[in-house]
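Q: First residue of the sequence shown? That's 1 in full-length UniProt numbering, and the numbers climb one at a time after it.
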Amino acid sequence: MKFTVDEFRAWKHRCITLLGMSGVGKTYLSATLRRSDWFHYSGDYRIGTRYLDEPILDLIKARAMREPFLRELLRRDWIAIRNNIKVTDLGPVLSFIGKLGNPELGGLPMDEFSRRQALYREAEIAAMLDLPDFVRKAQDIYSYAHLVNDVGGSLCELDEPRVIEMLAAHSLILYIRVPEADEIKLIQRAQADPKPLYYRPDFLQAAIKDYLELRELDYVAEIDPDDFTRWVFPRLFHSRVPRYEAIARPYGYTVSSEDVAQVRDEADFLQLIESAIARSDGQ
1 MKFTVDEFRA WKHRCITLLG MSGVGKTYLS ATLRRSDWFH YSGDYRIGTR
51 YLDEPILDLI KARAMREPFL RELLRRDWIA IRNNIKVTDL GPVLSFIGKL
101 GNPELGGLPM DEFSRRQALY REAEIAAMLD LPDFVRKAQD IYSYAHLVND
151 VGGSLCELDE PRVIEMLAAH SLILYIRVPE ADEIKLIQRA QADPKPLYYR
201 PDFLQAAIKD YLELRELDYV AEIDPDDFTR WVFPRLFHSR VPRYEAIARP
251 YGYTVSSEDV AQVRDEADFL QLIESAIARS DGQ
């Protein structure tokens, strides 16, 4: 959606999609808005509790079945296993995605890693296409006036135009750009605690080829999962920036992560958006 400042102020039921890399402040803004009359729609939470719930549980049960004691309990239905995913702790989703590399170091073989990557992509597409339903639910069931859509950092990797078109039709897209001076800090934070990531297939294939050559390795099974994740993150970050911008230019508005860090309440957030709209109108 595109607005003038006056139109935005008059928007009765606001729906804002926050776009950007992990670590730029999307969840911080969402948590801030939850203290006001905003429904927090977390894409990754929806993925974990709806679209990947069964695959995650299947993975856990398969591991448990390797242990004779747990195997017997599961086969007799004497115990039950469930996910305990929280908006602030998406550990089961990250564990399911996993990292590529040597199984002895906790990595996944290429076939299994690719299978999970494909499942995650389909789950993210489905979770985003659920947004209109949750806009309705937020108002009709939970009596929230507004909704903030906290999307995963991989949204720009999906190569699924209908997702972007739907988000643009039902929400104001706000892209949180990382200033060049802060890029190194964000990358260093990600490398200090390497987490599982989604990669679009062509990017992943090129990255693996270059990594194997750089480390003088012959097989994916020789890859150190954490080392690869640290090495690939800067490359992934810089490949995503033009993709985010290609969404924001025609469909949304752009703010900086520095400005986001100054937001303390709903009023600050609304002023941030109004300033972005005013800048866009002045171009």
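Each residue gets a CB set at the ideal place from its N, CA and C atoms; glycine is no exception.
#1: Could you tell me whether the Cβ atoms of residue 200 and residue 254 are closer together than 7 Å?
#2: Between the beta-carbon of residue 65 and the beta-carbon of residue 153, is there less than 7 Å?
#3: Would you list the residues sitting across from residue 15 in a DSSP beta bridge?
#4: Please list, in chain order, all residues of the same chain as residue 278 whose beta carbon is under 7 Å from its beta carbon, the five residues on each side excluded.
#5: Take residue 248 and list the residues in its own chain whose beta-carbon comes closer than 6 Å to its own, dropping the five residues that flank it on each side.
#6: Give me the residue from 93, 128, 78 with the minimum Cα distance to residue 84.
#7: List the DSSP bridge partners of residue 257.
#8: Please report the residue range of the beta strand (DSSP E) in which residue 176 lies.
#9: Is residue 3 helix, strand or coil when you go by DSSP?
#10: Look at the alpha carbon of residue 150 and the alpha carbon of residue 27, and state the distance between them as a whole number of angstroms.
#11: Measuring alpha carbon to alpha carbon, tell me which residue in 171, 47, 268, 211 is nearest residue 13.
#12: Threshold first: 4 residues or longer. Then list the alpha helix (DSSP H) segments lying entirely within the segment 185-243, N to C.
#13: Give me the Cα-Cα distance between residue 184 and residue 250, rounded to the nearest whole angstrom.
#14: On the three-pair Cβ rule with 8 Å, is the segment 202-216 touching the segment 118-137?
#15: Taking its Cβ as the centre, do 16 or more other Cβ atoms sit within 10 Å of residue 95, making it buried, or is it exposed?
A: From the atom records:
#1: no
#2: no
#3: 147
#4: 5
#5: 175, 254
#6: 93
#7: In the DSSP output, where bridge partners are listed per residue, residue 257 has none listed.
#8: 172-177
#9: coil
#10: 6 Å
#11: 171
#12: 201-215
#13: 28 Å
#14: no
#15: exposed
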